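Here is the structure we will look at, set down as structure tokens.
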Amino acid sequence: MTTKKYETYYVPAQSHWPIVGAVALFLIAVGAANYVTDIKNSTSGFGGYVLIAGIAMVIYMMFGWFNNVINESMAGKYSHQMDNSFKQGMSWFIFSEVMFFAAFFGALLYARTLSVPWLGGADNNAMTGAVLWPEFTAQWPLIKTPDGTETTGMGWYGLPLINTILLLTSSVTAHLAHVALEQDKRPQLKFWLGLTCVLGLVFLYCQGLEYAHGYADEMKLYLTSGIYGNTFYMLTGFHGMHVTLGTIMLIVMLIRVFKGHFTPKNHFAFQAASWYWHFVDVVWVFLFVFVYII
Amino acid sequence: MTTEAIHDSHEHDDHHDHKMTGIKRWLYTTNHKDIGTLYLWFAFIMLLFGGALAMMIRVELFQPGLQFVEPDFFNQLTTVHGLIMVFGAIMPAFTGFANWMIPMMIGAPDMALPRMNNWSFWILPFAFSILIASFFMESGAPNFGWTFYAPLSTTYSNGSTAFFVFAVHIMGVSSIMGAINVIVTIMNMRAPGMTYMKMPLFVWTFFITAYLLIAVMPVLAGVVTMLLTDTYFGTSFFDAAGGGDPVMFQHIFWFFGHPEVYIMILPAFGIVSTIIPAFARKRLFGYSSMVYATASIAFLSFIVWAHHMFTTGMPLFGELFFMYCTMLIAVPTGVKVFNWVATMWRGSMTFEIPMLFSIAFVILFTIGGFSGLMLALTPVDFQYHDTYFVVAHFHYVLVTGSLFSIYAGAYYWLPKWTGHMYHDGLSKAHFWCSLISVNILFFPMHFLGLAGMPRRIPDYALQFADFNKWVSIGGFAFGLSQLIFLVVVIKCIKGGKKAEAKPWDGAEGLEWTVASPAPYHTFETPPNAEDIKGQ
Ligand code: HEM
Ligand SMILES: [Cu+2]
Numbered sequence: 094m095t096t097k098k099y100e101t102y103y104v105p106a107q108s109h110w111p112i113v114g115a116v117a118l119f120l121i122a123v124g125a126a127n128y129v130t131d132i133k134n135s136t137s138g139f140g141g142y143v144l145i146a147g148i149a150m151v152i153y154m155m156f157g158w159f160n161n162v163i164n165e166s167m168a169g170k171y172s173h174q175m176d177n178s179f180k181q182g183m184s185w186f187i188f189s190e191v192m193f194f195a196a197f198f199g200a201l202l203y204a205r206t207l208s209v210p211w212l213g214g215a216d217n218n219a220m221t222g223a224v225l226w227p228e229f230t231a232q233w234p235l236i237k238t239p240d241g242t243e244t245t246g247m248g249w250y251g252l253p254l255i256n257t258i259l260l261l262t263s264s265v266t267a268h269l270a271h272v273a274l275e276q277d278k279r280p281q282l283k284f285w286l287g288l289t290c291v292l293g294l295v296f297l298y299c300q301g302l303e304y305a306h307g308y309a310d311e312m313k314l315y316l317t318s319g320i321y322g323n324t325f326y327m328l329t330g331f332h333g334m335h336v337t338l339g340t341i342m343l344i345v346m347l348i349r350v351f352k353g354h355f356t357p358k359n360h361f362a363f364q365a366a367s368w369y370w371h372f373v374d375v376v377w378v379f380l381f382v383f384v385y386i387i
Numbered sequence: 372m373t374t375e376a377i378h379d380s381h382e383h384d385d386h387h388d389h390k391m392t393g394i395k396r397w398l399y400t401t402n403h404k405d406i407g408t409l410y411l412w413f414a415f416i417m418l419l420f421g422g423a424l425a426m427m428i429r430v431e432l433f434q435p436g437l438q439f440v441e442p443d444f445f446n447q448l449t450t451v452h453g454l455i456m457v458f459g460a461i462m463p464a465f466t467g468f469a470n471w472m473i474p475m476m477i478g479a480p481d482m483a484l485p486r487m488n489n490w491s492f493w494i495l496p497f498a499f500s501i502l503i504a505s506f507f508m509e510s511g512a513p514n515f516g517w518t519f520y521a522p523l524s525t526t527y528s529n530g531s532t533a534f535f536v537f538a539v540h541i542m543g544v545s546s547i548m549g550a551i552n553v554i555v556t557i558m559n560m561r562a563p564g565m566t567y568m569k570m571p572l573f574v575w576t577f578f579i580t581a582y583l584l585i586a587v588m589p590v591l592a593g594v595v596t597m598l599l600t601d602t603y604f605g606t607s608f609f610d611a612a613g614g615g616d617p618v619m620f621q622h623i624f625w626f627f628g629h630p631e632v633y634i635m636i637l638p639a640f641g642i643v644s645t646i647i648p649a650f651a652r653k654r655l656f657g658y659s660s661m662v663y664a665t666a667s668i669a670f671l672s673f674i675v676w677a678h679h680m681f682t683t684g685m686p687l688f689g690e691l692f693f694m695y696c697t698m699l700i701a702v703p704t705g706v707k708v709f710n711w712v713a714t715m716w717r718g719s720m721t722f723e724i725p726m727l728f729s730i731a732f733v734i735l736f737t738i739g740g741f742s743g744l745m746l747a748l749t750p751v752d753f754q755y756h757d758t759y760f761v762v763a764h765f766h767y768v769l770v771t772g773s774l775f776s777i778y779a780g781a782y783y784w785l786p787k788w789t790g791h792m793y794h795d796g797l798s799k800a801h802f803w804c805s806l807i808s809v810n811i812l813f814f815p816m817h818f819l820g821l822a823g824m825p826r827r828i829p830d831y832a833l834q835f836a837d838f839n840k841w842v843s844i845g846g847f848a849f850g851l852s853q854l855i856f857l858v859v860v861i862k863c864i865k866g867g868k869k870a871e872a873k874p875w876d877g878a879e880g881l882e883w884t885v886a887s888p889a890p891y892h893t894f895e896t897p898p899n900a901e902d903i904k905g906q
């Protein structure tokens, strides 16, 4: 351990926020389950409302909980060690997110290198090809599935490329904002952080445009268009959700910056948000390479 | 060691522990001991509930023919039994141990993120009430096995699948937060002088387990998400007609699933490695080799997953690769068994209940390890796969392995938790009844499997009748024996001989330097661990 002498570690008193959070997750789970069941059976029910109530409750909890944390931090109750706990907690959380994406990238690679070629008769699967779907030819993007659904591949040029540039730039601006914060240059901090938020929002807008293209009649690229459409929308969709979350985090940080929060030494929340932002960036680079280019 | 908590302006609470009373104490608590207790009780209740489901299974299988339950309901029983035992009993029990013991063992005032700790726990009762409530839905509970293979869980699944998926999601959230807490606590909160290689092996095993958890629980979340979209939104991840592959489900599931079984056994190794030295009155033999063995098991557990899939027709290279890697795990596992035996060798052993459970663990877990080794041989597994031999294997490692270690640990630390010694006679009865009945329950399953009885069926051919009768009898006896433990615990909380701060004379570790029962807050200022000798 680096520190010789320990500061006392702040152990918060009882808190009611976690139980609020647990109930919220319960509502989300029950609501979402009812909701999707209703969609599938084309019935109508209360699921959607429960889901929304759950989400609202999570947001309420986050406000309350973070408020407590911010107040405790401002009151000087936290030690250096506490800061480390938060930082390490955040980095392992990001690691778990990486593994979540890894599952979907795994599915993509499996489909491309194994299951689609096998369906086309590769390796020792000549009979699979001949007996099940003799007409099927293996290719990627899989623009015609074994059962005959047709679609179009999404090229990397155009919107995806613009999006890549947007996100990479935003990573740089996020870093510049961090540097400005550490040098206590508040105007620069506001500028770079604001720019990062804007870039994030423009990215989301472009992603929406791209989806609109996909769903338009010329492309017919739907979530249901076989394994290509599945992996395309699930990967970019979950990435988009993370960008949304990251943008919200950055906007909250911007508001806090304007309120005068954070010091050059003490700005864990800012750092966490910027780490998160770099993480969604790196995921995008992988996406761009594996989903779009090759 | 004085343990008087510091008074602050905290409400009108006069007694020295400043905790709330009644239900609010448990709902709002941020105290690692309270949360540990909650986890342990929750796990025990789930154990009894999952056990009740198993009893129903054994009632139906007592005789050939269909007697009591519909085949579909039988499938629901096996599915929910498996899910409850894995995610509701074994894992939360270990998290309970982690919460109670890790801060005390490393000299920390609490877990690193106490509020998140509370959140991790309270998600669980909700998640499991969703799962259990699905029994009462029109379609019934999930019926596709705890491994929920596609297409059973997609094309052919019943109406409660979405509930299952979201319940698993929030369980995963809980596990990940719990694991992050363990990691951060160990990395960041050790008392001065408590270097990594001086940490008790118990702490090491939970540390490594927590890494496994954050690496694979998200993958589980991913695979249930794909299952959800396949079932409800028309994707075809696991459907060949759309270019996917049902076997891909198994790959992703077992990439989670195999590390998951180590999540359930590494902490057991830690508990047993604490108890055996205490009652053999010797240091743990080969401490550092134990640490490295644990780490290598964890590493290897990521590259053996397809040993569950030998019969899916993988390319030959895959079959061989996964066979050899699986057998490789036997090496570090063997190191551990060797070290436990070497620790006992020429020790001055006494046989208190924790020690009895630990010795039973070593022997019976090894049986499970050997049957695992048999299953690891690809050509042999072609015969054993999906038979009762597999059921025998994983119950030896999970019941006489994980569960026995949990009992061992519970008896070992009950004096610290409650301040009382457990009832001697009853606990002996618990041990011996469990030991005998568990073998009547699971040992014949080996023969059933070798003779070809498939798992997950409500009915079977006549030639399996005799063994099944014994299995059922063993099952009822084992189930009833667990009620003795309930009595022991309640009696121990209510009273009994007062426990000293250190009731076991061979025990070592910081947790024995505080009073029994452990005060509400311990180590508010870190103890000096400088002079702990290390292992
Ligand atoms: C010595 C190390 C071990 C080896 C070589 C081993 C090997 C195997 C193999 C090859 C299978 C697949 C059998 C089949 O489905 O045909 C299997 C199944 C299983 N093993 Fe192990 N195992 C070992 C230790 C463990 C441990 C420590 C646990 C848990 C605590 C465990 C839990 C399971 C479970 C739950 C299954 C069955 C999964 C299912 O299909 O439902 N194993 N094991
Ligand atoms: Cu395995």
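Protein chains in written order, with the working numbering: chain L, 94 to 387; chain R, 372 to 906. By construction, the Cβ of each residue, glycine as well, lies at the ideal position given by its N, Cα and C atoms. Here the structure is a predicted model, which means the values were calculated and not measured.
Within 7 Å of chain L by C-beta, residues of the segment 606-636 of chain R in sequence order: Residues Thr606, Ser607, Phe608, Ala611, Ala612, Gly613, Gly614, Gly615, Asp616, Met619, His622, Ile623.
Best match in R:Phe468, R:Asn402, R:Val451, R:Leu785 for proximity to Phe640 of chain R [C-alpha to C-alpha]: If you number the second sequence from 1, residue 640 of chain R lands on position 269. Comparing Cα-Cα distances from Phe640 of chain R to each of R:Phe468, R:Asn402, R:Val451, R:Leu785, the minimum goes to R:Phe468.
Neighbour-count burial assignment, Leu274 of chain L, 16 or more Cβ in a 10 Å radius: Within the first sequence, residue 274 of chain L is the residue found at index 181, counting from 1. With 16 or more other Cβ atoms within 10 Å, it is buried.
Burial state of Gly248 of chain L, where buried means 16 or more other Cβ atoms lie within 10 Å: As a working note, residue 248 of chain L is residue 155 in the first sequence. Per the 10 Å Cβ criterion, exposed.
Near ligand 2: Val594 of chain R beta-carbon under 8 Å from a heavy atom: Start at 1 with the first residue of the second sequence, and residue 594 of chain R comes out as number 223. No, Cβ of Val594 of chain R sits at least 8 Å from all heavy atoms of ligand 2.
Chain-ordered neighbours of Leu484 of chain R on chain L, where CB pairs are closer than 9 Å: Position 113 of the second sequence, counting from 1, holds the residue named residue 484 of chain R. The answer, in chain order, is Ser178, Phe179, Gly182.
Beta-carbon spacing of Gly615 of chain R, Asn218 of chain L below 9 Å: Within the second sequence, the letter at position 244 stands for residue 615 of chain R. Within the first sequence, the letter at position 125 stands for residue 218 of chain L. At least 9 Å separates the beta-carbon of Gly615 of chain R from that of Asn218 of chain L.
Residue range of the alpha helix (DSSP H) that includes Thr645 of chain R: Taking the first residue of the second sequence as 1, we reach residue 645 of chain R at position 274. Looking at the DSSP string, the run of the alpha helix (DSSP H) that includes Thr645 of chain R is 637-651.
C-beta contact flag for Pro815 of chain R and Leu432 of chain R at 9 Å: In the second sequence, the residue the question calls residue 815 of chain R occupies position 444. In the second sequence, the residue the question calls residue 432 of chain R occupies position 61. For the pair Pro815 of chain R and Leu432 of chain R, the CB atoms are not nearer than the 9 Å cut-off.
Secondary structure of Asp385 of chain R, DSSP reduced to three states: By 1-based counting over the second sequence, the position of residue 385 of chain R is 14. Note that Asp385 of chain R scores a pLDDT of 37, beneath 50, so its modelled location is shaky; the value from the coordinates is reported in the next line. Under the three-state reduction of DSSP output, Asp385 of chain R falls in the coil class, being neither helix nor strand.
Three-state secondary structure assigned by DSSP to Pro474 of chain R: Stepping through the second sequence from its first residue, residue 474 of chain R is reached at position 103. Three-state result, Pro474 of chain R: helix.
Any chain L beta carbon closer than 9 Å to Met568 of chain R: Taking the first residue of the second sequence as 1, we reach residue 568 of chain R at position 197. By this cut-off, Met568 of chain R is not an interface position.
Cβ shell of Met318 of chain L (< 7 Å), same chain only, five flanking positions each side left out: The sequence position of residue 318 of chain L within the first sequence is 225, counting from 1. Per the sequence presented here, residue 318 of chain L reads as Ser, with Met not at that position. Within the same chain, Ser318 of chain L has close Cβ partners Thr242, Thr244.
Coarse secondary structure for Ser380 of chain R, derived from DSSP in three states: Start at 1 with the first residue of the second sequence, and residue 380 of chain R comes out as number 9. The pLDDT assigned to Ser380 of chain R is 36, lower than 50, so where the model puts this residue is not dependable; a value taken from the coordinates is nonetheless given after this. Taken through DSSP and simplified to helix, strand or coil, Ser380 of chain R comes out as coil.
Bridge partners - His791 of chain R, DSSP secondary structure assignment: Start at 1 with the first residue of the second sequence, and residue 791 of chain R comes out as number 420. R:Lys869.
By C-beta, the residues closer than 6 Å to any heavy atom of ligand 1, given in chain order: Cβ-based neighbours of ligand 1 within the cut-off: R:Thr518, R:Val632, R:Met635, R:Ile636, R:His678, R:His679, R:Thr697, R:Ile700, R:Ala701, R:Thr704, R:Gly740, R:Gly743, R:Leu744, R:Leu746, R:Ala747, R:Asp752, R:Tyr755, R:His756, R:Val761, R:His764, R:Phe765, R:Val768, R:Leu769, R:Gly772, R:Ser773.
Simplified DSSP state of Thr758 of chain R, which is helix, strand or coil: Here residue 758 of chain R refers to the residue found at position 387 of the second sequence. Strand.
Environment of Asp481 of chain R [buried if 16+ CB atoms lie within 10 Å]: Counting from one through the second sequence, the residue named residue 481 of chain R turns up at place 110. It counts as buried.
Interface flag, Lys97 of chain L vs chain R, CB-CB below 9 Å: Here residue 97 of chain L refers to the residue found at position 4 when the first sequence is read from its first residue. With a pLDDT of 43 at Lys97 of chain L, under the threshold of 50, the modelled position of that residue is not reliable, and the figure given next carries that caveat. So yes, Lys97 of chain L belongs to the interface.
At least 3 beta-carbon pairs within less than 8 Å: the segment 594-613 of chain R vs the segment 153-173 of chain L: As far as the Cβ criterion goes, the segment 594-613 of chain R does not touch the segment 153-173 of chain L, which means the pair count is below three.
Residue from R:Phe624, R:Leu881, R:Thr896, R:Phe835 with nearest C-alpha to Tyr520 of chain R: The count along the second sequence starts at 1 and reaches residue 520 of chain R at position 149. The shortest CA-to-CA distance from Tyr520 of chain R to any of R:Phe624, R:Leu881, R:Thr896, R:Phe835 is the one to R:Phe624.
Closest by C-alpha distance to Gly593 of chain R, when choosing among R:Phe627, R:Gly866, R:Ile461, R:Gly772: Counting from 1 along the second sequence, the entry for residue 593 of chain R is found at position 222. The shortest C-alpha separation from Gly593 of chain R is found at R:Phe627.
Secondary structure of Lys278 of chain L, DSSP reduced to three states: As a first step, residue 278 of chain L must be located in the first sequence, where it is residue number 185. Lys278 of chain L falls in the coil class under three-state DSSP.
Contacts of Leu212 of chain L in chain R (Cβ-Cβ under 9 Å): Mapped onto the first sequence, residue 212 of chain L falls at position 119. Chain-ordered, the chain R residues with CB closer than 9 Å to the CB of Leu212 of chain L read Ala611, Gly614, Asp616.
Reduced DSSP secondary structure (H/G/I, E/B, other) of Lys358 of chain L: Translated into positions along the first sequence, residue 358 of chain L becomes position 265. Coil, per DSSP.
Buried or exposed by the 16-neighbour rule on C-beta atoms within 10 Å, applied to Ile377 of chain R: In the second sequence, residue 377 of chain R corresponds to position 6, counting from 1. With a pLDDT of only 38 at Ile377 of chain R, under 50, the local geometry of the prediction cannot be trusted, and the value read off the model is given with reservation. Classification of Ile377 of chain R: exposed, given that the 10 Å Cβ count is below 16.
CA-to-CA distance, Lys868 of chain R to Lys862 of chain R, given in whole angstroms: Here residue 862 of chain R is taken as the residue at index 491 of the second sequence, counted from 1. Here residue 868 of chain R is taken as the residue at index 497 of the second sequence, counted from 1. C-alpha separation (whole angstroms): 11 Å.
Min CB distance Trp493 of chain R to chain L below 9 Å: In the second sequence, residue 493 of chain R corresponds to position 122, counting from 1. Judged by the 9 Å Cβ criterion, Trp493 of chain R is in contact with chain L.
Distance between Trp397 of chain R and Asp405 of chain R (C-alpha atoms, nearest Å): As a first step, residue 405 of chain R is located in the second sequence; it is residue number 34 there, counting from the start. As a first step, residue 397 of chain R is located in the second sequence; it is residue number 26 there, counting from the start. If I take the Cα positions, the gap works out to 7 Å.
Near-chain R residues of the segment 268-290 of chain L - C-beta to any C-beta below 8 Å: Here the close residues number zero.
Val675 of chain R Cβ short of 8 Å to ligand 2 heavy atom set: By 1-based counting over the second sequence, the position of residue 675 of chain R is 304. Checking the Cβ of Val675 of chain R against ligand 2 gives yes.
Distance, Trp784 of chain R Cα to Ser887 of chain R Cα: Within the second sequence, numbered from 1, the residue matching residue 887 of chain R stands at position 516. Within the second sequence, numbered from 1, the residue matching residue 784 of chain R stands at position 413. Taking the straight line from one Cα to the other gives about 10 Å.
Secondary structure of Thr96 of chain L, DSSP reduced to three states: As a first step, residue 96 of chain L must be located in the first sequence, where it is residue number 3. Note that Thr96 of chain L scores a pLDDT of 42, beneath 50, so its modelled location is shaky; the value from the coordinates is reported in the next line. It is coil, neither helix nor strand.
Proximal residues to Ile187 of chain L (C-beta, below 8 Å), its chain only, five neighbours per side dropped: Position 94 of the first sequence, counting from 1, holds the residue named residue 187 of chain L. So the qualifying residues of the chain are Trp368, Tyr369, Phe372.
Stretch-stretch touch, CB-based, cutoff 8 Å, three pairs: the segment 515-529 of chain R with the segment 139-149 of chain L: Contact fails: fewer than three Cβ-Cβ distances are below 8 Å.
Contact list for Ala540 of chain R against chain L, beta-carbon separation under 8 Å: On the second sequence, residue 540 of chain R is found 169 positions in, with the first residue counted as 1. It should be noted that the sequence gives His, not Ala, for residue 540 of chain R. The answer, in chain order, is Ala122.
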